[in-house]
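Participant: Please read through the structure below; I'll follow up with questions.
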Amino acid sequence: MTVSEERDDFVEAFCKIKYDYVIVGGGTAGLVVAGRLSEDESVNVAVLEAGELRLDDLIITTPGLSNAARGNPTYDWLFETIPQTSLNNRAIKWPRGKVVGGSSCINSHVFVRASPEEYNDWEALGNQGWNWKTLAPYFKKVETFRLIPDGHASARQAYEMTSHGTTGPLETTISNDINESNMLWIPAWNKLGVKTVLAGAESPIGAQFTKSTISSTTGKRSSSLSAYYVPIADRPNLHLLPKALVSKVLFARPKDELISTGVEFTVADKQYEVTAKSEVILCAGVVQSPTLLELSGIGSRSILEACGVETLVDNKGVGENLQDHAFTISAHQVLDSRHSLDYLNNSPELAAKAMAEYAATKTGLFASGSNVSTYISYNQIGLAALKKSSVVSSHRIPGLEKQYDLLLARLRNSNVPAFQFTLIPAYSSWLMPEPKPEGVKDCISIMNCVVAPFSRGSIHIQSSHPGDDPVIDPHYLDHCFDQELFTAASRQGLKLAATAPLSEALDKCIVPAVPLSTDDEYKDFTRRTLGTFYHPIGTCSMLPREDGGVVDSNLVVYGTKNLRVVDASVFPLHISGNIQWTVYAVAERAADVIKQEARTHT
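Structure representation (structure tokens):
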């Protein structure tokens, strides 16, 4: 029997099983939901993932190699936005994980959460039960936080233990190999009047050493693959099918009610169907959950008809309300190479030495994740008082004024971040709009992020073929107030670079090459350097349907009885910080919601 025949037999056997739950997407959220639902031995759970199962892949497991995964088609979907008129017609790369484990296998490991007020806003938008109080236990349930034995003294003093989990599947720590420039970051912020905050504190306002999804014992990346799938891979009631591209959800329509019955998918260009007795759960992510809904006939009638897809549920909210964390970025040449990691790119010998250290001991530079970030409120930058009339304007989606009211309240609240700043101890070629200039030596980069943008974008299909890339249009800077916020963030980032002790380690500014002064110069800088933090949300928003919602507060798709979405696409309003911890927590809570409903109906 050939390999192809063995694969065909395996897929056909997979399809013969009548599963209780069929989960589309074996990424960050999907593997959490699958693991928790399959704890019940009486149910069968299927997971279909378009990417490969890559166990013990060094590019995935080695923390310092995450950049090698992004832009590599083995690991990354290679999505791009359409050219953005506000960014000098630049298209922005949008890496998304295309492996079992999803983006948790290719991200930069940062493990933070937002302020309580930001999660409470989700409930204020009409989602009863989605607030800080209900999510807090799940943040702890996700993780086991441990410091690296004999770790760096600064890391050992940088956390607040009561807010961390100690028995969860995901391993987290504070990276041990702290670069010299990281040690200057917090004192420079302190000099600007920004306090030091402990990692995991309830309010993230301040400068901090950040947690990372890295094992303190093995030095390897901790992901949904390693934490939620590998330990239970042999469960007889949990079946994973990698390299399976789902093309649409299948429905029955008794009495005009849409009931999901399974999904259609392809493996090696052959088409199959698999049955779900209870539910189909989309965990395909911010890009592909809305496009799968559209391919299945749920979305705006005009978009579906243009692509030749029959409309089953006309809902203009599908694929809308897209929000993303974007940033501007500056680069600064350092006086001493100890303050930068650029030498790993400049010297193959030193890079090989560091890799050999990691291979032998699972320590050193390749065992480290991101180290420091700072979150500050709107009033800490000293911007003018806000007037609603100058900010709120008519927009594309219904219900947006409710979101704007909450965003304005956040900006007036000194406990809620408006900006995030992150240090990268290198010239980040992946993030910079242009290569490092000739003759420039070792650098650091400072990322200046607006955490709650007012602009809204969209993601939609452009054909009925599931293999075609969707149209990703974030509409960066579409709202004029975002430009003001980015100008303020960029000014603050450059002010930090000019503040001791960080300034004492810097030689000159490389990007921008010419000092900025006027608002127009800062706006041009934003257009030239703006990029994405890879934190898109909102395209299947959990909102009342009349406000543009796609799923209800139980994550059930409007117009269906038993189709859910569980991933960052359901976040209705953006939050501060990197989103992976929140994705894990939402998936954990969603699994409990699904279990409770199943008990109620039996």
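Residues in the sequence shown are numbered consecutively from 6, following this note's numbering. Using N, Cα and C, we set each Cβ at its ideal position, and we do this for glycine too.
In terms of residue numbering, what span does the beta strand (DSSP E) encompassing N453 cover?
Facilitator: Element bounds for N453: 448-455.
Participant: What residue ranges within the region 508-545 form continuous alpha helix (DSSP H) runs of no fewer than 4 residues, ordered along the chain?
Facilitator: Correct list: 524-534.
Participant: Have a look at K282, G40, S186, E176 and flag the residue whose alpha-carbon is nearest the alpha-carbon of G239.
Facilitator: In the sequence under discussion, the amino acid at residue 239 is Asp, which differs from the Gly named in the question. Out of K282, G40, S186, E176, G40 has the C-alpha closest to the C-alpha of D239.
Participant: Tell me whether the region 525-542 and the region 302-312 touch, counting them as touching only if at least three CB pairs, one residue from each stretch, are closer than 8 Å.
Facilitator: Touching, no, given that fewer than three Cβ pairs across the two stretches are closer than 8 Å.
Participant: Could you check where the alpha helix (DSSP H) with V377 kicks off and where it finishes?
Facilitator: Unbroken run through V377 is the beta strand (DSSP E), 377-381; no alpha helix (DSSP H).
Participant: Suppose you measure from the CA of A257 to the CA of T266; what does that come to, to the nearest Å?
Facilitator: Their Cα atoms are separated by approximately 6 Å.
Participant: Tell me whether Q467 sits in a helix, a strand or coil according to DSSP, three-state version.
Facilitator: Looking at Q467 - three-state DSSP - the assignment turns out to be coil, as it is neither helix nor strand.
Participant: Starting from the Cα of L355, find the closest Cα among H344, T366, L370 and give me that residue.
Facilitator: Nearest C-alpha to L355: L370.
Participant: Between K446, S382, V117, L255, which has its C-alpha nearest S342's C-alpha?
Facilitator: Nearest option by C-alpha distance: K446.
Participant: How many Å lie between Y1 and H244 at the Cα?
Facilitator: Coverage of the chain is limited to positions 6 through 607, which leaves residue 1 absent and any answer about it impossible.
Participant: What do you reckon, are the CB atoms on I209 and P422 nearer than 8 Å?
Facilitator: Going by the sequence as given, residue 209 is Pro instead of Ile. In contact: P209 and P422 (Cβ atoms closer than 8 Å).
Participant: Starting from the C-beta of F459, find all residues in its chain whose C-beta is less than 6 Å away, skip the five residues before and the five after it, and write them out in chain order.
Facilitator: Counting only Cβ-Cβ distances below 6 Å, and skipping sequence neighbours, we find H484, F486, D487.
Participant: Which of the three DSSP states is assigned to V314 in this structure?
Facilitator: Here V314 sits in coil by DSSP.
Participant: Going by DSSP in three states, I237 sits in which element: helix, strand or coil?
Facilitator: Helix at I237.
Participant: Between the region 537-554 and the region 578-598, can you find at least three pairs of beta-carbon atoms closer than 8 Å?
Facilitator: Contact holds: three or more Cβ-Cβ distances are below 8 Å.
Participant: Just checking my contact of Q133 with S574 at CB under 8 Å: how many whole Å lie between their CB atoms?
Facilitator: With 8 Å as the limit, Q133 and S574 do not qualify as a contact, their Cβ atoms being about 20 Å apart.
Participant: Here's the rule I'm using: 16 or more other beta-carbon atoms within 10 Å means buried, otherwise exposed. How should S399 be labelled?
Facilitator: A caution first: S399 carries a pLDDT of 49, below 50, which makes its placement in the model too unreliable to give a value.
Participant: Taking all protein chains shown into account, do 16 or more other C-beta atoms lie within 10 angstroms of the C-beta of F426, making it buried, or fewer, making it exposed?
Facilitator: Under this definition F426 is a buried residue.
Participant: Using beta-carbon positions only, say whether F424 and I386 come within less than 8 Å of one another.
Facilitator: Contact flag set, yes.
Participant: Would you grab the beta carbon distance between N112 and Y539 for me? Rounded to a whole angstrom, and I think it's under 8 Å.
Facilitator: Right, the Cβ-Cβ distance comes to about 7 Å (below 8 Å), so this counts as a contact.
Participant: Could you say if the region 584-594 and the region 35-51 meet the contact criterion of at least three C-beta pairs nearer than 8 Å?
Facilitator: With a cut-off of 8 Å, the region 35-51 and the region 584-594 count as touching, because enough Cβ pairs lie within range.
Participant: So for I599, helix, strand or coil by DSSP?
Facilitator: Residue state, collapsed to three classes: helix.
Participant: Count Cβ pairs between the region 80-95 and the region 463-478 that sit closer than 8 Å; are there 3 or more?
Facilitator: Yes: at least three Cβ pairs fall under 8 Å.
Participant: Just to confirm, are L300 and V291 a CB contact at a threshold of 8 Å?
Facilitator: Not a contact, by the Cβ cut-off of 8 Å.
Participant: Within its chain, find whatever has a CB closer than 8 Å to the CB of W127; leave out the 5 residues flanking it on each side and keep chain order.
Facilitator: So the list reads W135, N136, M547, F576, P577, L578, once near-sequence residues are dropped.
Participant: What distance in whole Å lies between the Cβ atoms of G462 and I303, which are believed to be in contact at a cut-off of 8 Å?
Facilitator: Contact flag wrong, Cβ pair sits at about 20 Å.
Participant: Output needed for A359: all residues of its chain with C-beta closer than 7 Å, excluding positions within five of it in sequence on either side, in chain order.
Facilitator: Correct list, in chain order: L349, G369, L370, F371.
Participant: Of all the alpha helix (DSSP H) runs that stay within the bounds of the region 166-226, which reach a length of 4 or more residues?
Facilitator: 185-196, all fully within the region 166-226.
Participant: Can you check whether the CB of V251 is closer than 8 Å to the CB of L436?
Facilitator: No.
Participant: What number of angstroms, rounded off, separates the C-alpha of T296 from the C-alpha of Y234?
Facilitator: T296 and Y234: Cα-Cα distance of roughly 26 Å.
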